[in-house]
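Student: Residue 273 in numbering that gives the first Met the number 0 sits at position 274 of the sequence shown, with consecutive numbering throughout.
Have a look at this one.
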Amino acid sequence: MGNCFGCSTGADVALTIPSDTADRVLAVSAKGRTRWSRALLTRRLSLRLSQIQRKHKRAARPGSGSNKPAVRKKLPLSSEFPEKTHNSSALSNISIPKYNDKRSFESPKPEAGLIPLSPTAKAFPFNELKNATRNFRSDNLLGEGGFGYVFKGWVDEQSPTAARPGYGLVIAVKKLKPEGFQGHKEWLTEVNYLGQLRHPNLVKLIGYCSEGENRLLVYEFMPKGSLENHLFRRGPKPLSWATRMKVAIDAARGLSFLHEAKEQVIFRDFKASNILLDGEYNAKLSDLGLAKAGPTGDRTHVSTQVMGTRGYAAPEYVATGRLSAKSDVYSFGVVLLELLTGRPAVDKTKTGVEQKLVDWARPYMGNKRKLFRIMDTKLEGQYNRKSACGAATIALQCLSFGPKQRPSMVEVLAMLEQIQATKNSTVHPRA
Ligand SMILES: Nc1ncnc2c1ncn2[C@@H]1O[C@H](COP(=O)(O)OP(=O)(O)OP(=O)(O)O)[C@@H](O)[C@H]1O
Ligand SMILES: [Mg+2]
Numbered sequence: 000m001g002n003c004f005g006c007s008t009g010a011d012v013a014l015t016i017p018s019d020t021a022d023r024v025l026a027v028s029a030k031g032r033t034r035w036s037r038a039l040l041t042r043r044l045s046l047r048l049s050q051i052q053r054k055h056k057r058a059a060r061p062g063s064g065s066n067k068p069a070v071r072k073k074l075p076l077s078s079e080f081p082e083k084t085h086n087s088s089a090l091s092n093i094s095i096p097k098y099n100d101k102r103s104f105e106s107p108k109p110e111a112g113l114i115p116l117s118p119t120a121k122a123f124p125f126n127e128l129k130n131a132t133r134n135f136r137s138d139n140l141l142g143e144g145g146f147g148y149v150f151k152g153w154v155d156e157q158s159p160t161a162a163r164p165g166y167g168l169v170i171a172v173k174k175l176k177p178e179g180f181q182g183h184k185e186w187l188t189e190v191n192y193l194g195q196l197r198h199p200n201l202v203k204l205i206g207y208c209s210e211g212e213n214r215l216l217v218y219e220f221m222p223k224g225s226l227e228n229h230l231f232r233r234g235p236k237p238l239s240w241a242t243r244m245k246v247a248i249d250a251a252r253g254l255s256f257l258h259e260a261k262e263q264v265i266f267r268d269f270k271a272s273n274i275l276l277d278g279e280y281n282a283k284l285s286d287l288g289l290a291k292a293g294p295t296g297d298r299t300h301v302s303t304q305v306m307g308t309r310g311y312a313a314p315e316y317v318a319t320g321r322l323s324a325k326s327d328v329y330s331f332g333v334v335l336l337e338l339l340t341g342r343p344a345v346d347k348t349k350t351g352v353e354q355k356l357v358d359w360a361r362p363y364m365g366n367k368r369k370l371f372r373i374m375d376t377k378l379e380g381q382y383n384r385k386s387a388c389g390a391a392t393i394a395l396q397c398l399s400f401g402p403k404q405r406p407s408m409v410e411v412l413a414m415l416e417q418i419q420a421t422k423n424s425t426v427h428p429r430a
């Protein structure tokens, strides 16, 4: 499975961080590595922070070369902290908030669970969600991600109250692990974006809850689960070629919508586990917790912390922290390649070049004769060769090293639709 990462560029370092917040950041980051006491964590982080503050004060002194651009110091992706076992986008590294992000980290007041944060999503009392999921029973568990567990539940269609299992509206409740600040920031971003944006290819955010330390998100239930489960887990019937093309088109529609919005939204964590399928295999994007507003005016990118999922993130973004809609296009290329090959973006069970899907597949993608060698064997040859070649060509364009060489999502969508419209593109056994 892939790995998660996050690192902070020099430009992102904040000079003033409340000590309790800072404590929580390190506590999150250090999770799983070692069982340090909270006091020790606090001391270690305070030490680190005062080092950073001293360094910045020195840099800011006149004549100290402060007018030179800050050197971007990239922390190692995951050498300092362990990699998580699942393909999650949660931080695995120390992440210090951007100074201008400070406001979004402010915790809502205790009673904020009842303050409307979104015009469309409902504020749920914690107890109602507890009842709706039968006390977050393990039988109701749908899955686990980097930031929390997801449970199935039932609520009243009209009011934010629990309903008996099998009655009312079926929901998926994501309960964030109570680990503070990064989770809270994601929660807020998700409520802000998904609570306002509506599109058939975006998962609907029905509600949220913020009571005390509890942060929850209430989504429409997606009966067929994630694309990741269908492509890489043993069990479900393999997705047909026609369904794979439909999923690619639906996902491209969702991304195009975000990119073309009046205020552009960059998804930043586009991957197979964030594409969910409803009962008819309509695909919808979920998890806008890492989403970022796109550049404005003449700017081509925004500079930000490197966060996302290894294997999916665009190389220039990982190297420089420069994020643009074209970073999502790269990630889309990786998912398209996963749909073609049935292999995950990063496969730890493989060795050498085979570990990273893009590196392994690239030499075969632009060659009609070679392409069939990397096609998913679970398709058993039941795919249209022409449309597979077309999809591989699009994926290759999305995976261009330079962001400018990549097509826009609108162009990708148009190309995919054209492939689908071509006669016999649904199922045609390979000769
Ligand atoms: N709305 C939903 N309906 C049905 N199942 C869902 C829904 N949302 C999430 N799930 C299930 O819960 C699993 C975990 O989702 P979650 O978003 O927490 O983790 P993830 O996408 O694997 O990792 P990350 O934390 O990086 O996003 C999904 O793979 C999916 O199977
Ligand atoms: Mg997810």
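All C-beta atoms in this analysis are idealised placements derived from N, C-alpha and C, irrespective of residue type, glycine included.
Predicted model only: the values in this text are computed from it and were never measured.
Which of the three DSSP states, helix, strand or coil, is assigned to Met408?
Tutor: Residue state, collapsed to three classes: helix.
Student: So, for Glu105: in the same chain, excluding its five sequence neighbours on each side, which residues have a beta-carbon less than 7 Å away from its beta-carbon?
Tutor: Interpretation of Glu105 is limited by its pLDDT of 32, a score under 50 that renders its predicted location unreliable; the figure taken from the coordinates is listed afterwards. So the list is empty, once near-sequence residues are dropped.
Student: Whole-angstrom Cβ separation of Tyr218 and Ala171, contact assumed at under 8 Å?
Tutor: Yes, they are in contact, since the Cβ atoms of Tyr218 and Ala171 sit about 5 Å apart, within 8 Å.
Student: If we count the other Cβ atoms within 10 Å of its Cβ and call it buried at 16 or more, is Val352 buried or exposed?
Tutor: Its Cβ having fewer than 16 others within 10 Å, Val352 is exposed.
Student: My output table needs one value for Lys453: the three-state DSSP class, helix, strand or coil.
Tutor: Outside the modelled stretch of the chain, which goes from 0 to 430, sits residue 453, for which no answer is possible.
Student: Can you check the stretch 249–318 for any beta strand (DSSP E) of at least 3 residues that lies completely inside it and give the ranges in chain order?
Tutor: List check, beta strand (DSSP E) in window: 274–276, 282–284, 305–308.
Student: If you follow the alpha helix (DSSP H) that Ser209 is in, where does it begin and where does it stop?
Tutor: Where Ser209 is concerned, there is no enclosing alpha helix (DSSP H), although the beta strand (DSSP E) it sits in stretches over 204–210.
Student: Quick one: grab the DSSP three-state call for Lys223.
Tutor: If DSSP states are grouped into helix, strand and coil, Lys223 belongs with coil.
Student: Between Asp327 and ligand 2, is the CB less than 6 Å from at least one heavy atom?
Tutor: The answer is no for Asp327.
Student: Are there 16 or more other CB atoms within 10 angstroms of the CB of Asp138, so buried, or fewer, so exposed?
Tutor: So Asp138 ends up on the exposed side.
Student: May I ask you to report which of helix, strand or coil DSSP gives Ala131?
Tutor: Helix, per DSSP.
Student: Rank Pro222, Arg197, Thr308, Glu379 by C-alpha distance to the C-alpha of Leu140 and give the top, closest one.
Tutor: Of the candidates Pro222, Arg197, Thr308, Glu379, the one whose C-alpha sits nearest the C-alpha of Leu140 is Pro222.
Student: Write down the C-beta distance between Tyr329 and Arg405 rounded to the nearest angstrom, noting that I regard them as a contact closer than 8 Å.
Tutor: Contact flag correct, Cβ pair sits at about 6 Å.
Student: Buried or exposed for Leu76, going by 16 or more other Cβ atoms inside 10 Å?
Tutor: Confidence is the limiting factor: at Leu76 the pLDDT is only 31, short of 50, which leaves the residue's position unreliable, though a coordinate-based value still follows. Under this definition Leu76 is a buried residue.
Student: When the Cα of Leu175 is compared with those of Trp240, Lys184, Asp327, which residue comes out closest?
Tutor: Minimum Cα distance to Leu175 is reached at Lys184.
Student: Any heavy atom of ligand 1 within a distance shorter than 6 Å of the CB on Phe135?
Tutor: Flag unset: Cβ of Phe135 not near ligand 1.
Student: Do you know how far the Cα of Leu187 is from the Cα of Lys101?
Tutor: Because the pLDDT at Lys101 is just 29, under 50, the model does not fix this residue reliably, and the value given afterwards should be weighed accordingly. If you take the alpha carbons of Lys101 and Leu187, they lie about 13 Å apart.
Student: Which residue from Asn126, Leu204, Gly152, Lys347 puts its Cα closest to that of Leu216?
Tutor: The shortest Cα separation from Leu216 among Asn126, Leu204, Gly152, Lys347 belongs to Leu204.
Student: Going by C-alpha to C-alpha distance, which of Phe331, Gly144, Gly142, Leu336 sits closest to Val411?
Tutor: The shortest Cα separation from Val411 among Phe331, Gly144, Gly142, Leu336 belongs to Phe331.
Student: Between which two residues does the alpha helix (DSSP H) holding Ile393 run?
Tutor: Ile393 -> alpha helix (DSSP H) spans 384–397.
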